[in-house]
Amino acid sequence: MAWLFHASDPMGGAAGEAFANTLKSPGMLPEHVLAREAIQNSVDAGNGAKVEVRFRASVVKGAKKTTFVQAADLGRIAERSKELMLAGPNCLATLDKPQKELCLLYVEDYNAVGLSGNPHDKDSNFYRLLLSLGDRSKSRTALGSTGGSYGFGKSVYSSSSAIQTIFAYTRFKDGNTERTRIFGCGYFVSHDFKKNPYSGRAWLGMPEKKDDKGRVVVDPIEGAKADELAAKLGFTLRKAGELGTSILIVDAAVDIKAIERGIEDWWWPRLIENKLDVVIQDSSGTDHYPKPKKNPAIKPFIEAYDVAVGRAVAKSGVHKLAPFNKEGGLEMGRCGFVVAPLDPSGNATVPPERVNSVALIRGPLMVVAYHPVSQANPAIVGAYVAPDEDVVEQLLRKSEPPAHDRWDPDSTNLRDADQKGHGIVQSILNRIKQHLRKFQTEAAPATPVKQRRMTQLERALGTYFKPSGSPGNPPPPDTGPSPLHLEFSKAPYAEAAEGGMLRLRSVFTVRLDDTSEEDSVPLRLQMNCPVLEDNNEEGDNLPLSIVVEGVEAVNDEANPWTYRFTLPKNGKAKFKVESAPYDPAWTVRLRPDIDRMEAQ
45 MAWLFHASDP MGGAAGEAFA NTLKSPGMLP EHVLAREAIQ NSVDAGNGAK
95 VEVRFRASVV KGAKKTTFVQ AADLGRIAER SKELMLAGPN CLATLDKPQK
145 ELCLLYVEDY NAVGLSGNPH DKDSNFYRLL LSLGDRSKSR TALGSTGGSY
195 GFGKSVYSSS SAIQTIFAYT RFKDGNTERT RIFGCGYFVS HDFKKNPYSG
245 RAWLGMPEKK DDKGRVVVDP IEGAKADELA AKLGFTLRKA GELGTSILIV
295 DAAVDIKAIE RGIEDWWWPR LIENKLDVVI QDSSGTDHYP KPKKNPAIKP
345 FIEAYDVAVG RAVAKSGVHK LAPFNKEGGL EMGRCGFVVA PLDPSGNATV
395 PPERVNSVAL IRGPLMVVAY HPVSQANPAI VGAYVAPDED VVEQLLRKSE
445 PPAHDRWDPD STNLRDADQK GHGIVQSILN RIKQHLRKFQ TEAAPATPVK
495 QRRMTQLERA LGTYFKPSGS PGNPPPPDTG PSPLHLEFSK APYAEAAEGG
545 MLRLRSVFTV RLDDTSEEDS VPLRLQMNCP VLEDNNEEGD NLPLSIVVEG
595 VEAVNDEANP WTYRFTLPKN GKAKFKVESA PYDPAWTVRL RPDIDRMEAQ
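Counting from 1 along the sequence shown, just add 44 to a position and that's the residue number in my numbering.
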């Protein structure tokens, strides 16, 4: 058993690197791409039971490495490493150094159909995964929800290998009989070696033979010989009934912890629905399990998803359920929204790039993308769940590029005479945007307009910084702004509080710039946070918690939310304000009032 390098076809054909490069730069971490695509391949191959996927890291050295290198016939690849132009570092330069560790990653699925069928039949599972590229037949023939539509998902395995080499070991049913087979694949650049041209595709299996048309073919190794080679390559041997496929990524250039984070990021809908089991085993043999419900960056999206699917009742002002109206007789799905919780610093607990975004979810229950919608406050996150409607599911799937990382209404795959596909996808994206922005308006408290507050402040204080004049000689007219400024660094916003309530937060500064004619000025700041009545008049004030930084401020005895302090030139007083929890049906306003105190 040795590697066979495919001679270039006079009629061309895809180079080996096309299999490895397709998903190398989709705009996300390589480990996240691996987590997305590998699990998608396994879910699509499920046999009806809940699929289990295991990511198992292993490091071999010493005698184990020597055995592995010989069994994998890596020397045959290394002898043409110069021609293959693989990026470094990689293992080929140190194959003869047993103490130099070699990293391996096994991606194993169970309760899946395995790589069944005639290896050279274009419709077989074996052929589709290992021998074809860009085959979209699955999207044309599969009913219901599947993830892939381009046939590029398999490239994620080879692109995760520093030497773009993988092995596939599988157990499948052939009629009533279970069989095992193993096959090696290398996906390299097209190259010349010993004056012969090669496509860059290479296979390790049974000795080459010719089919009835005189074409060279390589069959997978099957039966006891397959299990024997699998054992030497470190695979977990599959027993009777353990149907599915194991992929070995040789010289794995991945971080196992990043894979775990990627699974939580993209597969949390299927995990929380208990339709998928995933185990991540590090090289020490310790098992880890994704826990999206304990991930603060994911929890708000899960909360929004629960609202969307009806598992949680939307609380006014904190959540919103937005079912979409039908279009052309088709169900269009629904959204759940939630006001994003904030950390102690006043920042949303979700990553900044996912603030005001919506997780796009269709049938396979993988998050296709975190779709950005708005940059306004308050911070909102949402989850869109596509309908259980084959027509809409297929249109959304067709709109996705090879990386399956967005819904593109202008995708050429949606072209049809009446533009129905474009219209449905665009309508869904438009509705997501409209409903999120509407909820943002509903959840946002009435806030002071920064420019108006500055103008009022200058009018009230401007004369404090002008010459006083004398009888018969009035002071000159106000010709410029006051050197005293009140500025919001965090405009008032609402966040979810305990018991389904809201609370208001804000941060602002008062500063005296160097245009002041005085070295310091005594000031009094009164904070008001009234509840607005139906006629928009101010009602009772909410209790406030205020932290003052930058100056020594003294509370007024009569009003605990009034502060007296002296502000020096170029000085700055910072106020962090938090209201008591209030009913989400209320509208509240934060109003800081400042005036100058008379000198004592």
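Cβ atoms here follow ideal geometry from the backbone N, Cα and C, with glycine treated the same way. All values derive from a computational prediction rather than experimental measurement.
Take the alpha-carbon of Asn-85 and the one of Lys-144: they are about 33 Å apart.
Our two residues, Ala-597 and Glu-577, have alpha carbons roughly 32 Å apart in a direct line. By the Cβ test, the region 554 to 561 is in contact with the region 614 to 623, since at least three Cβ pairs between them sit closer than 8 Å.
Per DSSP, the unbroken beta strand (DSSP E) holding Asn-572 starts and ends at 564 to 572. Look at Arg-100 here: in three-state DSSP terms it is strand.
Rounded to whole angstroms, the separation of the alpha carbons of Gly-106 and Trp-451 is 48 Å. Shown here, Ile-468 sits in a helix according to DSSP, grouped into three states. Ala-115 is positioned such that its CB atom lies no closer than 8 Å to that of Leu-292. Between Glu-371 and Ser-455 a beta carbon distance of about 19 Å is seen, past the 8 Å cut, so the two are scored as non-contacting. Taking C-beta separations shorter than 7 Å and ignoring five residues to either side along the sequence, the partners of Lys-109 in its chain run Pro-142, Leu-146, following chain order. With fewer than 16 neighbouring CB atoms inside 10 Å of its own CB, Phe-237 falls in the exposed class.
Straight across, the Cα-Cα distance linking His-529 with Pro-625 is about 29 Å. The Cβ-Cβ distance between Leu-136 and Ile-210 does not fall below 8 Å. Taking a contact to require three or more Cβ pairs closer than 8 Å, the region 300 to 320 and the region 339 to 347 qualify as touching. Annotated as proximal: Val-595 and Phe-609, with beta-carbon spacing under 8 Å. Residue pairing by DSSP places His-332 opposite Ile-324 in a beta bridge. Secondary structure at Leu-149: strand, using DSSP grouped into helix, strand and coil. In the three-state reduction of the DSSP assignment, Ser-202 falls in the helix class.
Taken through DSSP and simplified to helix, strand or coil, Ile-83 comes out as helix.
If you draw a 10 Å sphere on the C-beta of Arg-80, you find 16 or more other C-beta atoms in it, and that means buried. Secondary structure of Trp-310 (DSSP, three-state): helix. Looking only at Arg-100, Leu-149, Val-233, the smallest Cα-Cα distance to Ala-131 is reached by Val-233. Within the region 552 to 636, no run of alpha helix (DSSP H) reaches 4 residues while sitting entirely inside it.
Straight-line measurement puts the Cα of Asn-169 at about 11 Å from the Cα of Asp-88. Here DSSP, grouped into helix, strand and coil, assigns Ala-384 to coil.
Looking at the DSSP output, Asn-240 bridges to Phe-237. About 7 Å separates the Cβ atoms of Ala-51 and Pro-241, confirming a contact at the 8 Å cut-off.
Close CB contacts of Leu-277 within its chain, under the 7 Å cut and outside five residues either way in sequence, are with Phe-112, Ala-115, Ala-116, Phe-211, Leu-292 (chain order).
No residue range can be given for Phe-368, since it is assigned to no alpha helix (DSSP H) and is classified by DSSP as neither H nor E. Val-575 sits close to Trp-630, with the two beta carbons spaced by under 8 Å.
In this chain, the alpha helix (DSSP H) harbouring Gly-119 covers 118 to 122. The C-alpha of Tyr-607 is placed about 6 Å away from the C-alpha of Gln-570. The shortest CA-to-CA distance from Met-545 to any of Arg-282, Val-632, Glu-123, Cys-379 is the one to Val-632.
Fewer than three beta-carbon pairs drawn from the region 391 to 401 and the region 430 to 441 are found closer than 8 Å, and the two stretches are therefore not classed as touching. Scanning the region 425 to 464 from its first residue to its last, the whole alpha helix (DSSP H) runs of 4-plus residues come out as 434 to 443. Look at Arg-259 here: in three-state DSSP terms it is coil, with no helix or strand label.
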